[in-house]
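Visitor: For the sequence shown, my numbering begins at 5 and goes up steadily by one. Where is the CB? At the ideal position from N, CA and C, for every residue including glycine. Bear in mind the structure is a predicted one, so any value in this text is a computation, not a measurement. After the structure tokens below, expect a handful of questions from me.
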Amino acid sequence: MTILWREGVDARRVGFAVSRQVRRAVERNRVRRRLREAYRATRQAAPARGALMVIGKPSALSEPFKTLTSEMRGALAAIPRARA
Numbered sequence: 005m006t007i008l009w010r011e012g013v014d015a016r017r018v019g020f021a022v023s024r025q026v027r028r029a030v031e032r033n034r035v036r037r038r039l040r041e042a043y044r045a046t047r048q049a050a051p052a053r054g055a056l057m058v059i060g061k062p063s064a065l066s067e068p069f070k071t072l073t074s075e076m077r078g079a080l081a082a083i084p085r086a087r088a
């Protein structure tokens, strides 16, 4: 999983995409659903403002969900917070 982040957006926006390395559309949709659910479970770790783009890789299809959420939490925690 790769997370791209851009500062400067007034609200939080999140997009999900899946690499074409995941061949079948059914599998790409499953990866996208798993990523969305992992984000829902960890959204409190995301910055309040900014644009996030989560890109799923083939490994997201076979990883246990707990591993996926811990990776998501770690990636979101690594995003620098805006200064108050």
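For a minimum of 3 consecutive residues, which ranges assigned as the beta strand (DSSP E) are wholly contained in the stretch 12-81?
Guide: Listed in chain order, they are 16-22 and 54-60.
Visitor: Going by DSSP, what residues sit across from arginine 10 in a beta bridge?
Guide: Ala55, per the DSSP bridge assignment.
Visitor: Check the Cβ-Cβ distances between glycine 19 and every residue of chain B, and say whether any is below 8 Å.
Guide: Absence of chain B from the displayed structure is noted, only one protein chain being present.
Visitor: Below 6 Å CB to CB, which residues in the same chain sit around valine 22 once its five sequence neighbours on both sides are set aside?
Guide: Hits under 6 Å: Arg32, Val35, Arg36 and Gly60.
Visitor: Give me the residue from Leu56, Arg24 and Thr73 with the minimum Cα distance to valine 13.
Guide: Residue Leu56 is the option with its Cα nearest to valine 13.
Visitor: Output the distance between the C-alpha atoms of valine 72 and glutamate 11, rounded to the nearest integer angstrom.
Guide: The identity of residue 72 in the sequence shown is leucine, whereas the question assumes valine. If I take the Cα positions, the gap works out to 24 Å.
Visitor: Please check the pair arginine 85 and alanine 50, which I expect to be a contact at CB under 8 Å, by giving their CB distance rounded to whole angstroms.
Guide: At roughly 10 Å, the Cβ-Cβ gap does not stay under 8 Å, so arginine 85 and alanine 50 are not in contact.
Visitor: Inspect the beta-carbon positions of arginine 7 and alanine 79 and report whether they are closer than 8 Å.
Guide: The sequence shown places isoleucine at residue 7, not arginine. A contact, by the Cβ cut-off of 8 Å.
Visitor: Label leucine 39 either buried or exposed according to how many other C-beta atoms from any shown protein chain fall within 10 Å of its C-beta, with 16 as the threshold for buried.
Guide: With 16 or more Cβ atoms within 10 Å of its Cβ, leucine 39 is classed as buried.
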